[in-house]
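> So that we are looking at the same thing, I have put the structure below in structure tokens.
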């Protein structure tokens, strides 16, 4: 779901290759989406990971200021 000024954009695919795309002010459309293996999805996510700089600082014990608990 993506909220816009005109309404929500929704892509719903409960299972299988067919999804429904709902755009504000338009009738829902059926789309065919490739069903990918879990290993392929995980590999894609791992390729996009960036370094977690704050975690690295915490591990090294180099924090110079107090970090609020809600962050």
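In this note's numbering, the protein residues as written are 288 to 358. Even glycine gets a Cβ: it sits at the ideal position worked out from N, Cα and C. On a predicted model such as this, the values are computed, not experimentally measured, just so you know.
Can you tell me where the beta strand (DSSP E) with residue 340 in it begins and where it stops?
Locating residue 340 in the chain shown gives position 53, where the first residue counts as 1. It is not in any beta strand (DSSP E) - residue 340 instead sits in the alpha helix (DSSP H) that spans 340-347.
> Would you mind giving the Cβ-Cβ distance between residue 314 and residue 294, rounded to the nearest angstrom? I have them listed as a contact below 8 Å.
Here residue 314 refers to the residue found at position 27 when the chain shown is read from its first residue. Here residue 294 refers to the residue found at position 7 when the chain shown is read from its first residue. Not really, about 13 Å apart at Cβ, beyond 8 Å.
> Express the C-alpha separation of residue 328 and residue 300 in angstroms, rounding to a whole number.
The sequence position of residue 300 within the chain shown is 13, counting from 1. The sequence position of residue 328 within the chain shown is 41, counting from 1. For residue 300 and residue 328, the distance between alpha carbons rounds to 16 Å.
> Please list, in chain order, all residues of the same chain as residue 321 whose beta carbon is under 8 Å from its beta carbon, the five residues on each side excluded.
Taking the chain shown and counting its residues from 1, the one referred to as residue 321 is at position 34. The answer, listed in chain order, is 304.
> Kindly indicate which three-state DSSP category residue 316 falls into: helix, strand or coil?
By 1-based counting over the chain shown, the position of residue 316 is 29. Correct three-state label for residue 316: strand.
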